[in-house]
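This report concerns only the one structure given below.
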Amino acid sequence: MGLLRALGRSVINLFAVTGRIGIFTGNAVFHCFSPPFFPRLIGQQMVEIGFYSLPVVGLTAIFTGMVLALQSFSGFGFAGESTIANVVVWGITRELGPVLAGLMVAGRIGAAMAAEIGTMRVTEQIDALTTLSTNPYKYLVAPRLIAAVAMMPLLVLVADIIGVMGGFIVSIYDFGFNPMTYLRSTWDNLEFIGFISGIVKAAVFGFLIALMGTYHGYNSKGGSQGVGQATTNAVVSSSILLLLFNFIITAIFFAT
Amino acid sequence: MTDAPSQAKIETRDLHKAFGSKQVLRGVNLKIMPGESLAVIGASGTGKSVLIKNIIGLMQPDSGAVLIDGQDVTALSGREREPITRKFGMLFQGAALFDSLPVWENVAFGLIQVQRMARRDAREQAVTAMVQVGLDPDLADRSPAELSGGMQKRVGLARAIATAPEIMFFDEPTTGLDPIMGSVIDNLIIKSVRELGATALSITHDMASARRIADNIAMIYDGIIVWHGPVDAIDESGSEVVDQFINGRSHGPIDMLVAS
Ligand SMILES: Nc1ncnc2c1ncn2[C@@H]1O[C@H](COP(=O)(O)OP(=O)(O)OP(=O)(O)O)[C@@H](O)[C@H]1O
Ligand SMILES: [Mg+2]
Chain R
1 MGLLRALGRS
11 VINLFAVTGR
21 IGIFTGNAVF
31 HCFSPPFFPR
41 LIGQQMVEIG
51 FYSLPVVGLT
61 AIFTGMVLAL
71 QSFSGFGFAG
81 ESTIANVVVW
91 GITRELGPVL
101 AGLMVAGRIG
111 AAMAAEIGTM
121 RVTEQIDALT
131 TLSTNPYKYL
141 VAPRLIAAVA
151 MMPLLVLVAD
161 IIGVMGGFIV
171 SIYDFGFNPM
181 TYLRSTWDNL
191 EFIGFISGIV
201 KAAVFGFLIA
211 LMGTYHGYNS
221 KGGSQGVGQA
231 TTNAVVSSSI
241 LLLLFNFIIT
251 AIFFAT
Chain E
1 MTDAPSQAKI
11 ETRDLHKAFG
21 SKQVLRGVNL
31 KIMPGESLAV
41 IGASGTGKSV
51 LIKNIIGLMQ
61 PDSGAVLIDG
71 QDVTALSGRE
81 REPITRKFGM
91 LFQGAALFDS
101 LPVWENVAFG
111 LIQVQRMARR
121 DAREQAVTAM
131 VQVGLDPDLA
141 DRSPAELSGG
151 MQKRVGLARA
161 IATAPEIMFF
171 DEPTTGLDPI
181 MGSVIDNLII
191 KSVRELGATA
201 LSITHDMASA
211 RRIADNIAMI
221 YDGIIVWHGP
231 VDAIDESGSE
241 VVDQFINGRS
251 HGPIDMLVAS
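Sequence lines, in order, name chains R and E. For the first sequence, position 159 matches number 159 in this note's numbering, and the numbering has no gaps at all. For the second sequence, position 213 matches number 213 in this note's numbering, and the numbering has no gaps at all.
Right under this line is the structure:
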């Protein structure tokens, strides 16, 4: 009986949370498309998300590209330029570029958004915005969503390039491959649909990260402890959603 | 009813608000006339801030109504509420400054975002407002986090009145200020109300300040307004609760629940 009740309660909670997130998402998206817009804030967020994430995304990408080359060389035995270049470019553009960049950005940006907006909530800054006739969805949420959706594809493009470079470096200096041949096979093996699926993933991930960061920040309560909780929830939920949507998008693109 | 009183600027009717099982407001009735300055007094935790938030629309009352200029605004949402919100200026108890913006942009926020003033002009006007509240113009480019509590309070005040709102709410405007700065702020509030013809609702614990800034005083106790009248009459209120509060006696009908 107690078990049943607990089960029932958590199912109800799940529906309640889903509903709240749904309403928040609806509001947030609506305010992304209705004026006034805040270009200055969008610009700030683009710099914050796009530019300042470059080091961490770049480092992640180069090591991933290098390790892919190493693994496929040892895994496939006497594989040639073509195989290794193929594994690297295929793995990076389709999966590892967007997913790893997404997870790094979720940790960096999702957490920062939740902490900043959460602090604004508990110190009544969001209430102050309202009294100054400024809609918090427009001022706080929309610029972050727009900037994240715009910048994540660019970040993933950079991650793709740097990741392929990582594989290139290992192949040339460790395996002594011919640079021109390697680059040619990379180019030949780069498929349009794989690359595009990665960029689409990036935009969706950017949306999910900003949505979870702003949602948990906006709804945080109870002082600094609540803000800490919001930050954790933002990172965990955006990471899980990101992996879920990665599967869904992959299925849509390639499962037939 | 030939000489019916003119329309109240702010009116609350039987306002109720509870948090869980804790009943904070249990039927607050208030009327504030245009150009009137009302001070709400009451012990800590009696719901003064909650009352203001219900009037402004930051909280929804459980029952009862809020009327602004005769219009029932209790159930208005989002877009419908905007023209009402534009009439308001609010100083929060904790200042609630935007810590991502420098001091001057905090003060100029309403000018830039709502009145669409050019940034350069808005800055000039913000600096003027800062001087009015006794802040050094050199602080304009500082971050709010670098200011003392009293300075933050004054930035919050400058922000609240910068757009010359019709209705001003001040939640403990002089708490945390030294007595001299306190009376500077009091004078500024008086001036804003007189010169702009604004209506003001101030919350305060400071009886000296209440006597200076207010035309009328209302005392909230146990979720209702127990006394409401002109400043001059407060010493002869005939209410034990009011007497205890304004004289700061620890014994009386208000039980502070402290071990003695
Ligand atoms: N958001 C909230 N959630 C739950 N309880 C709240 C909330 N806001 C206020 N309260 C409770 O309502 C009561 C009144 O709070 P309020 O802030 O209005 O007091 P106050 O009269 O302004 O006191 P003070 O003079 O100390 O500022 C308190 O008991 C407080 O705990
Ligand atoms: Mg208060």
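Just so you know, even glycine gets a beta-carbon here, dropped at the ideal spot from N, CA and C. All of these numbers come straight from a predicted model, not from anything done at the bench.
CB contact check: residue i to chain E, cutoff 7 Å
i, result
"T134 of chain R", "yes"
"A128 of chain R", "yes"
Chain R contact for residue i (CB, 7 Å cutoff)
i, result
"R90 of chain E", "Checking the sequence shown, residue 90 of chain E turns out to be Met, not Arg. Taking Cβ atoms only, chain R reaches closer than 7 Å to M90 of chain E, which makes this a yes."
"S260 of chain E", "Confidence in S260 of chain E is poor, its pLDDT being 49 and thus under 50, which makes the residue's placement unreliable; the coordinate value appears in the next sentence. No, its Cβ sits nowhere closer than 7 Å to a Cβ of chain R."
"G70 of chain E", "no"
"F109 of chain E", "yes"
"D3 of chain E", "Confidence is the limiting factor: at D3 of chain E the pLDDT is only 45, short of 50, which leaves the residue's position unreliable, though a coordinate-based value still follows. No, no contact with chain R."
Neighbour list for residue i in chain E, Cβ cutoff strictly below 7 Å
i, result
"Q261 of chain R", "Given a span of 1 to 256 for chain R in the structure shown, any question on residue 261 of chain R remains unanswerable."
"T131 of chain R", "I56, T85, F88 and M90"
Contacts that residue i makes with chain R (C-beta to C-beta distance below 7 Å)
i, result
"Q113 of chain E", "L132 and T134"
Contact list for residue i against chain R, beta-carbon separation under 8 Å
i, result
"E82 of chain E", "S133"
Beta-carbon separation (whole angstroms), residue i vs residue j, contact threshold 8 Å
i, j, result
"R94 of chain R", "S53 of chain R", "The pair is not a contact, with the Cβ atoms about 21 Å apart (cut-off 8 Å)."
"G206 of chain R", "M151 of chain R", "7 Å"
"V57 of chain R", "L155 of chain R", "5 Å"
"I41 of chain E", "M219 of chain E", "5 Å"
"G64 of chain E", "R123 of chain E", "Actually they are not in contact, since the Cβ atoms of G64 of chain E and R123 of chain E sit about 42 Å apart, beyond 8 Å."
"A69 of chain R", "V88 of chain R", "6 Å"
"D215 of chain E", "E36 of chain E", "5 Å"
"A129 of chain E", "M168 of chain E", "So it is not a contact: roughly 13 Å between Cβ atoms."
"F88 of chain E", "T134 of chain R", "Actually they do not touch by this definition, with Cβ atoms about 12 Å apart."
"I217 of chain E", "A39 of chain E", "5 Å"
"G134 of chain E", "R154 of chain E", "6 Å"
"A106 of chain R", "I209 of chain R", "5 Å"
"G57 of chain E", "A95 of chain E", "Contact flag wrong, Cβ pair sits at about 20 Å."
"N246 of chain R", "V99 of chain R", "6 Å"
Report all residues for which the CB-ligand distance to some heavy atom of ligand 1 is below 5 Å; order them along the chain.
Screening all residues for a C-beta within a distance smaller than 5 Å of any heavy atom in ligand 1 leaves E:F19, E:V24, E:S44, E:G45, E:T46, E:G47, E:K48, E:S49 and E:V50, in chain order.
Is it true that the region 112-124 of chain R meets the region 158-176 of chain R, where meeting means three or more beta-carbon pairs spaced less than 8 Å apart?
Two segments are said to touch when three or more pairs of C-beta atoms, one from each, lie closer than 8 Å; by this definition the region 112-124 of chain R does not touch the region 158-176 of chain R.
contact_flag[the region 239-246 of chain R, the region 32-47 of chain E] where n(CB pairs < 8 Å) is 3 or more
Remark: fewer than three beta-carbon pairs, one from each stretch, lie closer than 8 Å, so the region 239-246 of chain R and the region 32-47 of chain E are not flagged as touching.
State whether the region 121-138 of chain R contacts the region 96-114 of chain E, with contact taken as three or more CB pairs (one from each stretch) at a distance under 8 Å.
A contact is defined here as three or more CB-CB pairs under 8 Å, and the region 121-138 of chain R meets this definition with respect to the region 96-114 of chain E.
The region 177-197 of chain E touching the region 140-147 of chain E, judged by at least three CB pairs closer than 8 Å:
In short, these stretches do not touch, since the Cβ pair count stays below three.
Any 3 or more C-beta pairs closer than 8 Å across the region 64-73 of chain E and the region 246-255 of chain E:
The region 64-73 of chain E, when compared against the region 246-255 of chain E, does not touch it at the 8 Å Cβ threshold.
Under 8 Å: do the region 41-50 of chain E and the region 201-211 of chain E share three or more Cβ pairs, one atom per stretch?
Yes, the region 41-50 of chain E is in contact with the region 201-211 of chain E.
Do the region 138-147 of chain R and the region 26-44 of chain R make contact, defined as three or more Cβ pairs closer than 8 Å?
With the cut-off at 8 Å, the region 138-147 of chain R and the region 26-44 of chain R touch.
With a cut-off of 8 Å, do at least 3 Cβ pairs link the region 5-25 of chain E to the region 46-53 of chain E?
These segments touch.
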